[in-house]
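To start, the structure under review is shown below, and the notes come after it.
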Amino acid sequence: MTMLYRGEMVCAQLTRALFKMRYMLLYLTFTSVGSKRINSFAGPFTVYGTKFGVCDSPPDKPWPSQVYLRPTHFNPAKPNDGQILTGNVTMPEGLNDTRPGHARVDIWSNNQWKKNAFIFNFPGACTALRNNIPNFFAALFDLPSGPSSWNTPCNVKPGTYIVDHKRVFWTYPNVPVFVYGTYRITITATELEKVVICMFGEGTIVPRL
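Start counting the sequence shown at 1; every next residue gets the next number (full-length UniProt numbering).
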């Protein structure tokens, strides 16, 4: 399977997963733009992260990968400044496209997490992370993540990656509009049903100003 085909499959899965919201979101977006007002439900967005870490694991089987990341506070007066990430990510087995990727998105509602609001499955975990959250990928692994790299092999070598005050802009090129709210995304990569990577991030989606 060529890397171009992998990239097309990733984008196609995202398109199908968001299809039910598509026309409603487009309508809300054009309404907001045309009237120069901010829709309170959905539309173009800005994301800021609040918490990152590894998933809970069985006591006798800790996940091989570790994630320690701390974001700076989001400044609503300067929403385009991004956030600074500090910490490290340890990946003893690295990350490539031989392993499928999975993303589960929970939404915060009525003082609790409503699980499985969205579920995405990707044929290649590395390409999925790089092509869908490119700036975050580049900050973690110091690897190219722009559009020119999307059709090239994706490979993160085993090791510990230091994230030393990296500025991150939460861009999602395949998702131009979304429903506003607070979310938790859990990202996993598996190999023969063995969990190789399991990390989560919590954040809030607000209207783009």
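We put the CB at the ideal spot given by N, CA and C, even for glycine.
As the structure is a prediction and not an experimental result, all values here were calculated from the model.
(Q) Would L95 and L85 be called neighbours here (beta carbons separated by less than 7 Å)? (A) As a first step, residue 95 is located in the sequence shown; it is residue number 95 there, counting from the start. As a first step, residue 85 is located in the sequence shown; it is residue number 85 there, counting from the start. Not in contact: L95 and L85 (Cβ atoms no closer than 7 Å).
Practice prompt. Look up residue 216 in the DSSP assignment and give the residues it is bridged to.
Written response: Missing from the structure shown is residue 216; the chain here goes from 1 to 209 and no further.
Query - Counted within 10 angstroms of its Cβ, other Cβ atoms place D77 as buried (16 or more) or exposed - result: To locate residue 77, count along the sequence shown from 1; it is residue 77. The question names Asp, yet the displayed sequence has Ala at residue 77. Counting Cβ neighbours within 10 Å, A77 comes out exposed, since fewer than 16 surround it.
Review point. Where does F120 fall in DSSP's three states?
Key: Along the sequence shown, one-based indexing puts residue 120 at 120. Strand.
I'd like the span of the beta strand (DSSP E) that includes T86, first residue to last.
Counting from one through the sequence shown, the residue named residue 86 turns up at place 86. Note, T86: beta strand (DSSP E), 83-91.
The beta strand (DSSP E) spanning P71 covers which residue range? On the sequence shown, residue 71 is found 71 positions in, with the first residue counted as 1. Unbroken beta strand (DSSP E) run through P71: 66-71.
Check your understanding: Do the segment 120-137 and the segment 95-109 meet, that is, are 3 or more Cβ pairs less than 8 Å apart?
Key -> yes
Since R167 is in the beta strand (DSSP E), which residue starts that stretch and which ends it? Start at 1 with the first residue of the sequence shown, and residue 167 comes out as number 167. Per DSSP, R167 belongs to the beta strand (DSSP E) from 159-168.
Review point. Around the C-beta of S109, are 16 or more other C-beta atoms found within 10 angstroms, so that it is buried, or is it exposed?
Key: As a position in the sequence shown, residue 109 is number 109, starting the count at 1. Classification of S109: exposed, given that the 10 Å Cβ count is below 16.
**Asked** So the beta strand (DSSP E) F52 belongs to, where does it begin and stop?
**Response** Stepping through the sequence shown from its first residue, residue 52 is reached at position 52. Per DSSP, F52 belongs to the beta strand (DSSP E) from 45-54.
Could you name the residues that DSSP lists as bridge partners for C198? Within the sequence shown, the letter at position 198 stands for residue 198. According to DSSP, C198 bridges with T188.
Can you say whether L209 is buried or exposed, counting buried as having 16 or more other CB atoms within 10 angstroms of its CB? On the sequence shown, residue 209 is found 209 positions in, with the first residue counted as 1. Classification of L209: exposed, given that the 10 Å Cβ count is below 16.
Just mark D97 as buried or exposed, buried being the case when its beta carbon has 16 or more other beta carbons within 10 Å. Position 97 of the sequence shown holds residue 97. By the 10 Å Cβ count, D97 comes out buried.
Sufficient close CB pairs (3 or more, under 8 Å) joining the segment 166-174 to the segment 122-136: yes
On the three-pair Cβ rule with 8 Å, is the segment 182-195 touching the segment 149-159?
no
- Message: If distances are taken between C-alpha atoms only, which option among T90, A125, P207, D56 comes closest to T188?
- Response: Start at 1 with the first residue of the sequence shown, and residue 188 comes out as number 188. The shortest C-alpha separation from T188 is found at A125.
Exercise. Check whether the Cβ atoms of C154 and T127 sit closer than 7 Å, and answer yes or no.
Key: By 1-based counting over the sequence shown, the position of residue 154 is 154. By 1-based counting over the sequence shown, the position of residue 127 is 127. Yes.
Item to check | Beta-carbon contacts of E202 that lie in its chain and below 6 Å, excluding the five residues immediately before and after | outcome: Here residue 202 corresponds to residue number 202 of the sequence shown, with the count starting at 1. Taken in chain order, the residues that qualify are T50, K51, R184.
* Apply the 10 Å Cβ neighbour rule to N131 and answer buried if 16 or more other Cβ atoms are within range, or exposed otherwise. => Within the sequence shown, the letter at position 131 stands for residue 131. With 16 or more other Cβ atoms within 10 Å, it is buried.
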